[in-house]
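**Q**
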Amino acid sequence: MHSHNDEAAFMADLKEGAPEMVAAMFDFDKAVFRKETGNLDLATRELIAVGVAVTTQCSFCIEDHAKRAARAGASKADIAEAVMVAAALRAGGGVTHGWKAMKSIAESD
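With positions in the sequence shown counted from 1, the corresponding number in this note's numbering is that position plus 6.
1. Going by beta-carbon coordinates alone, are residue 21 and residue 28 separated by less than 8 Å?
2. Could you tell me the alpha carbon to alpha carbon distance between residue 78 and residue 48, rounded to whole angstroms?
3. Starting from residue 46, follow the alpha helix (DSSP H) in both directions and report where the run begins and ends.
4. Quick one: measure Cβ to Cβ for residue 88 and residue 46, integer angstroms, because I've assumed they're closer than 8 Å.
5. Could you have a look at residue 74 and say whether DSSP puts it in helix, strand or coil?
6. Count the other C-beta atoms from every protein chain shown that fall within 10 angstroms of the C-beta of residue 14, then say buried if there are 16 or more, exposed otherwise.
7. If you count every other CB in all the chains shown that lies within 10 Å of the CB of residue 44, and 16 or more means buried, which is it?
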C-alpha cells in the first residue's frame, strides 16, 4: 500500500515524462464519468467503479467512487450491494483458481 498523499506529488513527474499519455488518461476518465455520457446513468457507472475498486483493492478509489456514487444518487444499500457483488466475484475467482491446486494433485498421482 502506498501513501496517497505523500506519493501524489510525483504526479508531476508522470506528467513531465509522458504529458500526452497522462492528458489522454485524464480525458478518458472525464469522458467515462461525465454525467451525460453513455447509456448507463452516472450512479450505475460509479457503482461499477466501486465494485472494480473493491476487487483491485485500491482504497483511494474505493473511497472516491463510493462518495461519487452517493452524490450521483446511489443509496447506501446500492453501494453495499456493489461491494458484495465484487466480493462474490473475487471469492468465485479464488475457488476456480483453487481448481488448479486440485488438478495439480490429481496429475501428480
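Positions of the beta carbon are idealized from the N, C-alpha and C atoms, including for glycine.
**A** Taking the structure as given:
1. Yes; because the gap between Cβ atoms is below 8 Å, this pair is in contact.
2. Roughly 6 Å separates the two Cα atoms.
3. Unbroken run through residue 46: none, as it is neither H nor E.
4. Wrong, their Cβ atoms sit about 13 Å apart, outside the cutoff.
5. Of the three classes helix, strand and coil, the one that applies to residue 74 here is helix, per DSSP.
6. Around the beta carbon of residue 14, a 10 Å sphere encloses fewer than 16 other beta carbons of the protein chains shown; the residue is thus reported as exposed.
7. Around the beta carbon of residue 44, fewer than 16 other beta carbons lie within 10 angstroms, which makes this residue exposed.
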